[in-house]
Structure formats: structure tokens, C-alpha cells
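Trainee: Residue numbers (full-length UniProt numbering), protein chains in the order written: chain A, 1 to 356; chain B, 1 to 356; chain C, 1 to 356; chain D, 1 to 356. We put the beta carbon where it would ideally sit given N, CA and C, even for glycine.
Number of protein chains: 4
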Amino acid sequence: MTDITATAATPPDVLRCAYAELIVSDLAESRAFYVGVLGLVVTYEDDEAIYLRAFEEYLHHSLIIRKGPVPALAVLAYRVRSPRELDVAVEYYTQLGVRVERRAAGATRGIGEAVRIEDPLGFPIEFFYDAEHVERFTQRYDVHGAGAISRLDHFNVVTPDVPAAVKYYEGLNFRVSEDIEDAEKTVYAAWMFRKPTVHDVALTGGDGPRMHHIAFATHERSQILHLCDHLGAIRQSDKIERGPGRHGVSNAFYLYLLDPDGHRIEIYTHDYYTGDPDNPTITWDVHDNQRRDWWGTPVVPSWYTNASTVLDLDGVPRGVEQRTDAREDAVTIGADGFSYTRIDDEPAGFKLGSQL
Amino acid sequence: MTDITATAATPPDVLRCAYAELIVSDLAESRAFYVGVLGLVVTYEDDEAIYLRAFEEYLHHSLIIRKGPVPALAVLAYRVRSPRELDVAVEYYTQLGVRVERRAAGATRGIGEAVRIEDPLGFPIEFFYDAEHVERFTQRYDVHGAGAISRLDHFNVVTPDVPAAVKYYEGLNFRVSEDIEDAEKTVYAAWMFRKPTVHDVALTGGDGPRMHHIAFATHERSQILHLCDHLGAIRQSDKIERGPGRHGVSNAFYLYLLDPDGHRIEIYTHDYYTGDPDNPTITWDVHDNQRRDWWGTPVVPSWYTNASTVLDLDGVPRGVEQRTDAREDAVTIGADGFSYTRIDDEPAGFKLGSQL
Amino acid sequence: MTDITATAATPPDVLRCAYAELIVSDLAESRAFYVGVLGLVVTYEDDEAIYLRAFEEYLHHSLIIRKGPVPALAVLAYRVRSPRELDVAVEYYTQLGVRVERRAAGATRGIGEAVRIEDPLGFPIEFFYDAEHVERFTQRYDVHGAGAISRLDHFNVVTPDVPAAVKYYEGLNFRVSEDIEDAEKTVYAAWMFRKPTVHDVALTGGDGPRMHHIAFATHERSQILHLCDHLGAIRQSDKIERGPGRHGVSNAFYLYLLDPDGHRIEIYTHDYYTGDPDNPTITWDVHDNQRRDWWGTPVVPSWYTNASTVLDLDGVPRGVEQRTDAREDAVTIGADGFSYTRIDDEPAGFKLGSQL
Amino acid sequence: MTDITATAATPPDVLRCAYAELIVSDLAESRAFYVGVLGLVVTYEDDEAIYLRAFEEYLHHSLIIRKGPVPALAVLAYRVRSPRELDVAVEYYTQLGVRVERRAAGATRGIGEAVRIEDPLGFPIEFFYDAEHVERFTQRYDVHGAGAISRLDHFNVVTPDVPAAVKYYEGLNFRVSEDIEDAEKTVYAAWMFRKPTVHDVALTGGDGPRMHHIAFATHERSQILHLCDHLGAIRQSDKIERGPGRHGVSNAFYLYLLDPDGHRIEIYTHDYYTGDPDNPTITWDVHDNQRRDWWGTPVVPSWYTNASTVLDLDGVPRGVEQRTDAREDAVTIGADGFSYTRIDDEPAGFKLGSQL
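#1: Can you find a CB in chain D that lies within less than 9 Å of the CB of R140 of chain B?
#2: Are the beta-carbon atoms of L86 of chain C and E118 of chain C separated by less than 9 Å?
#3: Are three or more beta carbon pairs between the region 252-259 of chain D and the region 170-182 of chain D nearer than 8 Å?
#4: For H199 of chain B, go through chain G and note every residue whose CB falls closer than 7 Å to its CB, in chain order.
#5: Would S339 of chain D count as contacting chain B if we go by Cβ distances under 9 Å?
#6: Which residues of chain A have a Cβ atom closer than 8 Å to the Cβ of W294 of chain D, listed in chain order?
#7: Is the beta carbon of I265 of chain A sitting closer than 9 Å to the one on A217 of chain A?
#8: Could you check the C-alpha separation between E101 of chain C and V286 of chain B for me, to the nearest Å?
#9: Among the residues of its own chain, which have a CB less than 8 Å from the CB of R318 of chain C, if the five just before and after it don't count?
#10: Taking the straight line between their C-alpha atoms, what separation do you get for K239 of chain C and H230 of chain C?
#11: Are the beta-carbon atoms of Q236 of chain B and V35 of chain B separated by less than 9 Å?
#12: Can you tell which of B:D261, B:E56, B:L22, B:V300 has the C-alpha that lies nearest to the C-alpha of E135 of chain B?
#13: Report the three-state DSSP secondary structure of V286 of chain B (helix, strand or coil).
#14: Is it buried or exposed, A18 of chain C, if we count other Cβ atoms within 10 angstroms and call 16 or more buried?
#15: Distance check for H144 of chain D and H61 of chain D, CA to CA, integer angstroms please.
#16: When the Cα atoms are used, what is the spatial distance from V281 of chain C to G97 of chain C?
#17: With DSSP collapsed to three states, give me the class of H213 of chain D.
#18: In whole angstroms, give me the CA-to-CA distance for P277 of chain D and S82 of chain D.
#19: Cutting at 6 Å between CB atoms, please list the residues of its own chain near E132 of chain D, excluding the five before and the five after it.
#20: Given that a residue counts as buried once 16 or more other Cβ atoms are within 10 Å of its Cβ, and exposed if not, what is K185 of chain C?
#21: Evaluate V14 of chain A with the Cβ neighbour count: other Cβ atoms within 10 Å of its Cβ, from every protein chain shown; 16 or more gives buried, anything less gives exposed.
#22: For L356 of chain D and G243 of chain B, what's the separation of their Cα atoms in angstroms?
#23: Could you tell me whether the Cβ of D325 of chain D comes closer than 9 Å to any Cβ of chain C?
#24: Helix, strand or coil: which one does DSSP assign to A326 of chain A?
#25: In chain A, which residues lie less than 7 Å from L15 of chain D when you measure between Cβ atoms?
#26: Would you check if the distance between the CB atom of D288 of chain B and the CB atom of I343 of chain B is smaller than 9 Å?
#27: Between the Cα of H219 of chain A and the Cα atoms of A:L203, A:R16, A:D271, which residue gives the shortest distance?
#28: So what's W303 of chain C in DSSP terms, helix, strand or just coil?
#29: Tell me whether E48 of chain A is buried or exposed, calling it buried when 16 or more other Cβ atoms sit within 10 Å of its Cβ.
#30: Give the residues from the region 204-233 of chain B that approach chain A closer than 9 Å (Cβ to any Cβ), ordered along the chain.
#31: Look at the alpha carbon of A326 of chain B and the alpha carbon of G205 of chain B, and state the distance between them as a whole number of angstroms.
#32: If I follow the unbroken alpha helix (DSSP H) through G171 of chain B, where does it start and stop?
#33: Rounding to the nearest angstrom, what Cα-Cα distance links G68 of chain C and T43 of chain C in this structure?
#34: Using DSSP with H/G/I as helix, E/B as strand and the rest coil, what is L356 of chain A?
#35: Which residues does DSSP pair with T159 of chain D in a beta bridge?
#36: If you run the structure through DSSP and keep just helix, strand and coil, what is D259 of chain A?
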């Protein structure tokens, strides 16, 4: 990985995670999922792409799904505090020695001038400030369904070396809210934020760069439960990969769904305010069976292993680098893995796994 | 099994499932579970037993936990429409040729005169009408916790021959609301009711007689979710056996917990009205992956295999008779088992199991 | 009133309240309310009428809205246990001396043979058993909105002499779950049931016969709250007459809406099981400020005074008889009225009223 | 009012509203309300004061209730970004010409060095950074009640000249999220924030300085509804002043309670993210009947007129200055007031008021 400490330049002032663009194989099928089930609002659509937003969002989109040859992540976009931050970003990433491209206003529909980079972790990242404002549907309860989604919450990316990735994001003035470690200080995952929630980006240890998931927030748990009921009703319950449940990390109530191409979407609510500078960082033991599900429900193995391909700025799929540190699934559910519910208990396999 | 058609006698008029008595090994530990976590109201307790009720119940108890040498089910009690029904019950079961005992008022604290039988399925069953009235805590919101339980909902028993058991309960004028079958008409389970809900008793095919679980109802799903959160907080998430989820059968939102002796307790809400005589019976295909969980979440194997020992009227543990029909776990999750999410799909193993 | 004790005939065996027919002035506007906002399922519609049901109902309809010259209640229908009960009803009401008419199957779309009467309280009442079965949408979560309604719950009628009306319904084997009285035993209202909920019919003291409201049940409170949010979003919040709130009587969470003609519709959830013969009757003091709203929120005066006209079996609007007993609004919110939050408190006007 | 534009000094960098101190007349009664009903966690208590926090807070307290001769607000405290900001605050307010006092660490239990001022609006305000950390009960679901409160959300203060107050807070780099105006640009209230929610402070037009309320946030609406149910159960429903309901402004679900001394406490959930610099400001028409309650429920008159006395830094009650601009209650519910549900409708009195 590029030495992310190689610059003394000022980083751009990031507000928050802002939108993602996913490449999908069949636009109609994806529309049925993102609009028909998740209920996202269509800002614009044509034969090539659909621009979507959640009910409390007033920027043009927080998700683009675009037709393409290979299902993949095309870009993760962060909003910066002002247009001036684009120059700051160009200077910062140029000094970091990664690929940097300026994009004219409108290069992405609804988005003004932007800067795209391939970040040191290998992800295609955009920074922008200007964006088209559209109607905010906060109180448009006439179109809110039973599973109404409020806003984009965070990105989760897979990267081999979590401490290096944390260092990179700390360079961007993100802070760690929680992480998962073992007694040897191996870091399995970390949650980092700019806006005062548990995260704008989570760093999940594994072969990367790959995209683990994109997460949207709801107001209440009932909205998440309805999405499950809805998928059952249309006989697509196999799109429910994991959950619903309560995370240990973040305390959020969660659900992981798979879109028609297998891109993972989380629906998430009830994390907590992290905006004070002394917000306590919580470190979870990787063997704590409640770290990823407070109720001890086992993590489905696919959740550890599967993730989306990432494109470079030319739209070419990136190869992945193997994780060399211990893997969370191996140390918890594999033959040599273990987890515990109470720290002084006999270690045991995970709840369901131990019965199979 | 006793031929349950051997009598033309009138059956007793059963109102509903009314209480269960469970034998537990450590009263303090059980109290921590039933009172500390579930929040049931203690009507009376001493060194031998605790008499519990839920917030909307006005009879003395709907659950007794009693200290004893072997964790087991001591009795399942049905309330009948009037004291006169006790004589009817004596006559009915005498003609059926099973063991019948009259019990004086107070033989069970809070309960009036009663009749106990060993039913043709091998279960210790009580019929009673008279019972002590106590304060109904419906509006005692000052003591309702976040996981408030409203009332006992149903019993679930394991029995080898489900069609025979259905016939027996039809003799008592219970009706079937839903069942699970396969293409060869093997019946895996049936849900039967007197009060107009989906069931007062569910008949689960397996080695029996054993008690599968006792279920309590809440008003809303949030109360069920809180019980999970609470168990996580006290580091007893391993008491969560299965769920929370949405049942296919009954449509109820559910959670299965294990008490300190492994007795299974379900918390349940949102089933539907069944009180009209033409209430449609729903038959589910045993291979339908949404039958037991509408979201396709796999059933934990222990849920199929584990159940509580049943005592006879002398308090002696009963032996079990093997089920000879096909077993639901074998035909769905075993090596030769399969299930599907969409009926025209390629059969597949269950969601998590296929990943392990 | 007809002496309702004038017969020793057997009454028909009523299962539950089953459907109502309302006359409305503009079918399109009513459709926007009942289908667009409440989300009821249209079983059938033409230029004259719309036949509606809730998501857990499998009979053809639980509500008919029909175009007509005068907004009114056309009929309240109870389902009986079998077709044979129709003959029983004819005999019973003939002996009572009220008007009785047999109706051929299909006289009302979706309903089989029926009997209509003008009951001793002056209401047009139908009894039926046979009805067309249609799809039960219990698990059609793909079409459940955020305000999903499960089933019809009860009727509420205005009648001058509540004790006489109670006596009449007791003749039909309805039982009282709760009532409102004063120290002089004046009865202001009573709640009576056949199915084991708090009521199938409520008897509200006032000038009658008039229809006070029709109530539908939801699973949870969030669905009721959404209806309010939805009405706000379409700028029809003035259709919210009272609530949402928690009833004292029944403990149910409630909301009263007005349809475009001013017919009152309640949405209701969380009452309790009343099916045991010794279900305790709860009597509330008319001066208890928490009887109609557990939170002490004042009852809107219109809720006491307004109610729908009732038609006779010829479709002619009925005149009303004045209530001669004390009126609940007069004794609680008028110049001489009072209510209390704590029984030993200084009496006071109601919460908001005392500030105006 | 002091000319708040009289300084070019840099304002302190405020993070958020952080704690309030209320003077109460009876500590035991107040404890029954704040701990017994609201369920706040006691960090420390003695005969003089109780230090309270909500479940997701890790600073020593977010509310102090202290025994004193006159029920009043003693201080509103904002947290600043670092200890250095205290010097900034001293310089800023000294230049503004208001009273400024430094306070040693521990002058308030649990709080480090601080600066107190009498702000140009007449309120006693504290700035602090250092504070004692205590256990964060985010996941202590074993002690979360059914009405669990997560964190302090905002202050609401009454001040005669809202535009002047807005200008003052803009000087502190607060931004306006929403406000209420009329066609003549009279401003009736404004909502202003530093943390990215709808507000840290609301400015309500009226005679001031007085404290209108302190607000706490919950995760879901069910927790707010439970507080009402709880107050009903202990026969203190008269402590419910207004709500529950859905605000127009902020979109939050709300409830206003009165503590034993009449201090108003709001419980609040479901507002929205405001953290982007171009967050659209929403201006509501004062005559829009859905501005303060989206469901059109009338605002109780006391909510407009009553507010808590404010102490100066010596603990002496402040006199109030009269509002000279039009008053919201007068223009909406008084004899000459009006409001509308649809902008093109005939103006009408408010929903309940017009019936009385």
C-alpha cells in the first residue's frame, strides 16, 4: 500500500459519505429491488441508470445503479464542506501519489464539479460539494411505505490491512468509534466517522479492495422488519442474507439484503451520537460472540467471504490483495475458531454452527 | 395409542389453554429467567414453587415453576366453560379408558376442583373451571417492562403420530387452523384451537410424548425484540435458541428462548382471528422454506430435536415412542432433505446450512 | 322501546360483528379515504358501491360504501354460526314484534341468504352466515402499507337508554366487558361482545338511533400513527377528530377519523381477551378523567354530539329519540360538569377546556 | 438587548447543548418524576441535588435538579470543542459586554473548568469541555425501561425578539434549520443547531428570558407512548401537557410533560440530519395549522403562556421583558386569530377550540 504518511498536505474536509454507484447486470431487476422493495425515490432514470434517494435526502441521489458488463462498485462519493475542498483534495492525493482526476460539473448527473481518486486502499473515491437539490420527502408520508428508508448511513469496505486503512482514514480526519481486535492486537475491523454517528465507513479485514456493503438508515425497527415480511411475500426471502438482529458493535438494529447481483445492502437504525471529541472508542474481542450480533445469532459464512468487485477509474475490475492477518471467520467459526458468550465460559463454536 | 374413537361420550367444553406446570432444578435461577427477564408477575412463591401470570391475566397463574428432581413438564391445564364440565370430562376419559383423577379444590394453589388425566397421547392434562381471581395488570404500565408479556397463548407438544393426535383433539372439538404436510400427505405438524386464535395446542411430529414449548403473547414486536436485547445485556444471549422471526404458519412474530433447564418458551404476537366456523385451513408444504420462518431463516436443528420430558400423574418421567413417519428435519435439512423458496426453483439446502 | 323481554324464543347464535354499509355522497371522495388513506382492499367496485375488506379478512367485505342521497348508515351486519340461525332469527324477532325481512342470496353482493330486521333500538341489522370467500391478504406484505388494517373490530351505536339496550343485547347473549356509570347508577355507555374481545358493539348514551362509529383493528400502534402522518401529508389533518390516544375503557390505542361525509371511523389496537365466562366487568366513573383517554386528553365535544343518521329497511332516514338520562358531556365538560384525575382531588374541568 | 454585533472577536466553538440545571421545590417529588417515570440514570445524589443522565450519555450528567427556594432554570450548559475554547469564550463575551465568570473545576460536580455568562438574551449560560466520564448505558438493556430515553436533545428558550436572538446565535455559528413567520415577516420562533440535528436551541417568541423546555430524545415512538401510559397508571396524567403528536416543524414525534414544579420537559424522536452547509431552511406560515402539530391537534394555551423563571449568575430570578411583536397564540387561537389546514381554505379556529 502507498505510504499514507508520505504527505504533510492538508486533507479535504469531508462532511460524510454521500453516494455510491453500483454496476448491475439487469436494470429492471435492480429497479424491482431498490424501488419496489426498498422504496427508494427515483430522481431520474433512463435506459442506462437509475438515480435514487431516500426520503429525508435533498441531494439528487445517494445511490446510482447503472447497467454494465460486470456487477461491481463504480465509485464511493464523499461530500466535502465547500467547493474549495476540491483543490485541497487534488493537492492532497497528488502528494500521496495516487491517481487523481478532476470531473466537470454534470459528469455525473446531478453532481457538480468533482475530484475522483484511486485511494491508497484501491477504491474509486469521489469528492464533491455542489449537487442539485430536489424535493426532500421527509413528510411525504403519503408515499412512505411500511419499510420507509430515511437516508444513506455508511459504506463498508473490505481491505487486507485494517490498521493501515485506519491510518489512511485518520489522515482524512475520520475517527474510530469501535473496532474488533484479539488479544494479540490483530485488528479485524474498524468503524470510522466524520458525521457524528458510529461510521461513515467501516473497514472490514479481508481480501481487498472489495465493497462489503452500503447501508441505509430507517427511523424505527418496524420498518426493517417490514422489508423482511415484504421479501417473504414476493418469495424472495433468499435475498435476506443476515439478520434482522442487533449489532454488538454500534448497537444498531440491522438487516443485510442481497440485491439481484449480490451487492450487499444493509438497513440500519439506532446507533448513537459520537460527535464529541472524547467519544469513547469501544474495542470488542473477536471471540466475543455478541460483538457482531448482540443476541449471539451466528454470522452467516457468506457474510465474511462475499463482497463486490471494485472498478478502477477506467471502469476496469481491480484484482484483490490477500489478507495476511488472521481472518475473523477462521478464528471464530472454523475448525480452530471459537467464541464465547461469557468471557469465563468454556469456548464454544457459534450457536447454530455447533449443531450442524 | 388408545383408539380415540372408542367413545360416543360428550367431550368437555374447553375454553382455552390455561396454565402449565414445569419442574425445574433451581428455583432461584428459574426466577431470574421468568421474573427477571420475562417480567412475569409473581402471584405467590415459596421455597417449593413460584406461581406466575402475565399482565392481562386475572386467574391466579398461567405458569407454575416447581422445584423437582428432574426438569420436566408436570401438567398442561385447559380451562373448561363451567364446573359441570368436570363431570363430563370424567365420563369422557373414563370411556376412553385412560387414567382419570379428581383433584380437590386447592390441590393446586389458586385452582378449584379439577380433573387430571393421562391423555391418549401420553400427556398429563388438567381440566378446571374454578380459580382464584387476582389483580389484572392490564393498565399497570408502571410495572410493565420494555418486554411486557400479555397472556399465555398456547402449548406445543411432540407426538409421534400427528394425524392420530389431530383426531384426538378434534374429539375435544378443537379445529385445525394450519398444518404442514408433504406431497404424500405425511403430516409433520398441526395447529389446533378452541379460543379463536391460531392455536391452543400445536402438535409437532417427533418422539413423544414430550413438551416442545409453552408460548406467551405480547402486544407488539418491540417487546419481543427487547427480550433479546435484555438477554444480551446480561450475557445470556445463548438462551436465545431461535428467532426472532416471522412464522410462515400463523403469521406470528416469534422468539424461542430456553429457560435454565432447557424448557423452551416462545414469545409470540400477531397471529389472526380464527373464530368463524369456515375459517380456512392453511396447509404448508414441508419443503417450503418459508413455512416455519417467512424470511427463510433456517430452523436451528436443536429446535427439531430437543424437547422436555413429560411426567405421568404420579410424577414419574414417561418414556417416549419413536416417530415412524418421516421427520421434518430429515426431509428438509438432512443429507437427503431439501427446501425451496420458490416452488419452481432448484431445490436447495437451507440458507445457512448450505454454507457450512 | 319494544319490551325486549317479551319473548322466550331462542336468540340467534351471533359470532361477531361482520360488516357495515354506509351511504356516502361522493364515491370517488370516499374511495380516496377508504382505499387511498386507510388502505382497505377493494373486493369489487362499480359506479354505485365499493366493497372493501381488511388484510386478514376472507369474507367478501367488511364495509360497503354506497352512493346515495343522504349520508347514513344503511345496515350493520352480524355473522351467525350457521345458516340454520337465520330461521332462529326470524322467529326471535317476529316474537319481539319488530320488522323482519328475509333476503335472498346475492341481495347483497357476496352475501348469501340473510335476515334483516329493525332492532328494538331502531337500527337496521342483518344476520347472515353464507358469504363468498376471497383471498386473505394476511401475508401479502407487498401490498400492506405503513398503516395496514387487519380486520373489522366493532360497531358503536348511539341510543338513548343504555340499560335497555344492554338488556336487549344480553337477550342475544352478548356480555358486558366494561361500562361507564355515575354514583347514581346512570349508565352512560356499555361495551358488549360475542367474540372474545372487549366488544362487538358499544352502546353510547345519546339521541338515537344513530351510528357513532365503525372500528377497524391494526396489529400495532405504529400503523395508527402512520394514518395521522399520512393525513397530514395530504393536508387532510382536519379528518382527525380525536386521538391518537390510549383508551381507559378497553385499554386500546385509538384514533377517530371522519370520512368525507363525516361518518366516524375508529382505528384501534391492543384490547384484551374476554372469552372466559367470569371475565371481570370493569365499571368506570363518568367523572374519571382517564376513562375515555388514559392520558387525560380531553374528548373533543363533537365526538359526543355528532353521529350518523340511520336508515330504516326501506332506506328512509330515522328520526331520533332524545336521551333523557344525564349526558356524559354535560356532566363532565359543561358548566356544571367536572372530572378528576385522582379521585380525592379537587374536581376540575378537563385538561384543555379549563384553559380556554 | 446588547448589540450582539458589537464584537469582531471569535466565538467559542460550541459542540452541542450539554446539560441544564433546574431548581425544584421538593427533591423527592422531582426524583419520582425524573427517575421513577422518565427513567433517567442517577450518577450522583445527595440531599441538595440529583445528577442525571440518559442511557447513551457518558458525561457525568445532562440534567441537574437542585433544591431551592424558587423553581427556576439555574443554567444551560453548552459543551465546547476543547478546553482552549474557554479563553475564547471569555474574550468573546467580555467584548460583548455581558457578565462573565470563570468557574474552577468541580464548581459543578462532574464538570471541569468552565465559563459562565449572562448572555445578551438574559440567560445564564455555561461553556465547558472537561467533564467526568461515567458508564455509558447504551446496551444496558437490563435497566432500560419501556420508556427509555437516549440523550439530551435540545433547549427551548422564550425571548421577546426572535430575530435579535437568531442574530446572537448566528454569531456563535449556530444555523437556522426551521422557523415560523407570517406574511409580514414577523418571526414567531426559530430552531438553531450546532450538532447536525434540527436544533440545540429553539427560540420561542414571548416574554423573556424564560425557559420553555428541555428536551430528551428516545429511539422510537413506543417509548414516548409508554411514558403516557405510565403516567396514566400512577394517576398523574395531568402531567401530560401536550401531545403525543408529530411536529410539523422538525418532523419529530413529541410529548410535553410537566415536572412537579411545572418545568416543561419534552420527549422527542425522529428529526433529521442537518449537517450539510446547504441544509435547506424551512419556513412555516404561522397560520398553517400543521406547523406545530402535523396532525392539526390544537396547541394547549398553557404551552404558549407558561414558562420557567430564569436565574441570573447570582441565583436571583430575572424579570422579563415583554414581547412587542405579535404573539403566536393571539394570531392563531385568539378572537382575531385563525389557522388553516389547506392554504386556500376558509380560515378557521383551531380544531378543538372552534367547538368550545
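Mentor: Taking the structure as given:
#1: Here residue 140 of chain B refers to the residue found at position 140 when the second sequence is read from its first residue. Closer than 9 Å to some Cβ of chain D, the Cβ of R140 of chain B qualifies, so yes.
#2: Here residue 86 of chain C is taken as the residue at index 86 of the third sequence, counted from 1. Here residue 118 of chain C is taken as the residue at index 118 of the third sequence, counted from 1. Contact flag unset, no.
#3: At 8 Å Cβ cutoff, the stretches do not touch.
#4: Annotation note: the requested chain G is absent from the structure, which comprises protein chains A, B, C and D.
#5: Within the fourth sequence, residue 339 of chain D is the residue found at index 339, counting from 1. Not an interface residue.
#6: Here residue 294 of chain D corresponds to residue number 294 of the fourth sequence, with the count starting at 1. Under the 8 Å cutoff, chain A gives Q139.
#7: To locate residue 265 of chain A, count along the first sequence from 1; it is residue 265. To locate residue 217 of chain A, count along the first sequence from 1; it is residue 217. Taking 9 Å as the Cβ cut-off, I265 of chain A and A217 of chain A do not qualify as a contacting pair.
#8: Translated into positions along the third sequence, residue 101 of chain C becomes position 101. Translated into positions along the second sequence, residue 286 of chain B becomes position 286. Between E101 of chain C and V286 of chain B, the C-alpha separation is close to 49 Å.
#9: For the purposes of this step, residue 318 of chain C is taken as residue 318 along the third sequence, with counting starting at 1. Excluding residues within five positions, the ones whose Cβ falls inside 8 Å are G122, P209, T309, V310, L311, D312.
#10: Stepping through the third sequence from its first residue, residue 239 of chain C is reached at position 239. Stepping through the third sequence from its first residue, residue 230 of chain C is reached at position 230. So the two alpha carbons sit approximately 11 Å from each other.
#11: Here residue 236 of chain B refers to the residue found at position 236 when the second sequence is read from its first residue. Here residue 35 of chain B refers to the residue found at position 35 when the second sequence is read from its first residue. No, they are not a contact pair.
#12: Sequence index remark: in the second sequence, residue 135 of chain B carries index 135 (1-based). Closest option to E135 of chain B, Cα to Cα, is B:E56.
#13: The residue given as residue 286 of chain B occupies position 286 in the second sequence. The answer is coil: DSSP assigns V286 of chain B none of H, G, I, E or B.
#14: As a position in the third sequence, residue 18 of chain C is number 18, starting the count at 1. Counting Cβ neighbours within 10 Å, A18 of chain C comes out buried, since at least 16 surround it.
#15: On the fourth sequence, position 61 is the one that residue 61 of chain D refers to. On the fourth sequence, position 144 is the one that residue 144 of chain D refers to. Each residue's Cα considered, the two are about 17 Å apart.
#16: As a first step, residue 281 of chain C must be located in the third sequence, where it is residue number 281. As a first step, residue 97 of chain C must be located in the third sequence, where it is residue number 97. The residue asked about is misnamed: residue 281 of chain C is Thr in this sequence, not Val. If I take the Cα positions, the gap works out to 31 Å.
#17: Position 213 of the fourth sequence, counted from the first residue, corresponds to residue 213 of chain D. Residue state, collapsed to three classes: strand.
#18: Start at 1 with the first residue of the fourth sequence, and residue 277 of chain D comes out as number 277. Start at 1 with the first residue of the fourth sequence, and residue 82 of chain D comes out as number 82. P277 of chain D and S82 of chain D: Cα-Cα distance of roughly 22 Å.
#19: Position 132 of the fourth sequence, counted from the start, is the residue given in the question as residue 132 of chain D. Same-chain partners within the cutoff: H60, G110.
#20: Here residue 185 of chain C refers to the residue found at position 185 when the third sequence is read from its first residue. When all chains shown are included, K185 of chain C counts as exposed.
#21: Sequence index remark: in the first sequence, residue 14 of chain A carries index 14 (1-based). So V14 of chain A counts as buried.
#22: Within the fourth sequence, the letter at position 356 stands for residue 356 of chain D. Within the second sequence, the letter at position 243 stands for residue 243 of chain B. Unreliable placement is indicated for L356 of chain D, whose pLDDT of 49 sits below 50; the coordinate value is still reported in the next sentence. Their Cα atoms are separated by approximately 52 Å.
#23: The count along the fourth sequence starts at 1 and reaches residue 325 of chain D at position 325. So, not an interface residue.
#24: Numbered from 1 along the first sequence, position 326 holds the residue referred to as residue 326 of chain A. A326 of chain A falls in the coil class under three-state DSSP.
#25: Working through the fourth sequence from its first residue, we reach residue 15 of chain D at position 15. Chain A residues near L15 of chain D: G275, D276.
#26: Here residue 288 of chain B refers to the residue found at position 288 when the second sequence is read from its first residue. Here residue 343 of chain B refers to the residue found at position 343 when the second sequence is read from its first residue. Less than 9 Å divides the Cβ of D288 of chain B from the Cβ of I343 of chain B.
#27: As a working mapping, residue 219 of chain A is identified with position 219 in the first sequence. When only C-alpha atoms are compared, the closest one is A:D271.
#28: Residue mapping note: residue 303 of chain C aligns to position 303 of the third sequence, counting from 1. It is helical.
#29: Taking the first residue of the first sequence as 1, we reach residue 48 of chain A at position 48. Around the beta carbon of E48 of chain A, a 10 Å sphere encloses fewer than 16 other beta carbons of the protein chains shown; the residue is thus reported as exposed.
#30: So the close ones are E220, R221, S222, L225, C228, D229, L231, G232, A233.
#31: What you label residue 326 of chain B is simply residue 326 of the second sequence in a count that begins at 1. What you label residue 205 of chain B is simply residue 205 of the second sequence in a count that begins at 1. Going by the C-alpha atoms only, they are around 9 Å apart.
#32: Sequence index remark: in the second sequence, residue 171 of chain B carries index 171 (1-based). Taken as a continuous stretch (DSSP letters only), the alpha helix (DSSP H) holding G171 of chain B covers 162-171.
#33: Position 68 of the third sequence, counting from 1, holds the residue named residue 68 of chain C. Position 43 of the third sequence, counting from 1, holds the residue named residue 43 of chain C. In a straight line, the C-alpha of G68 of chain C is about 20 Å away from that of T43 of chain C.
#34: Within the first sequence, residue 356 of chain A is the residue found at index 356, counting from 1. Residue confidence for L356 of chain A is low, a pLDDT of 49 falling below 50, so the modelled location carries little weight; the figure read from the coordinates is stated next. In the three-state reduction of the DSSP assignment, L356 of chain A falls in the coil class.
#35: Numbered from its first residue, the fourth sequence carries residue 159 of chain D at position 159. DSSP, once it has assigned bridges, lists D:G205 as partnering T159 of chain D.
#36: Here residue 259 of chain A corresponds to residue number 259 of the first sequence, with the count starting at 1. The answer is coil: DSSP assigns D259 of chain A none of H, G, I, E or B.
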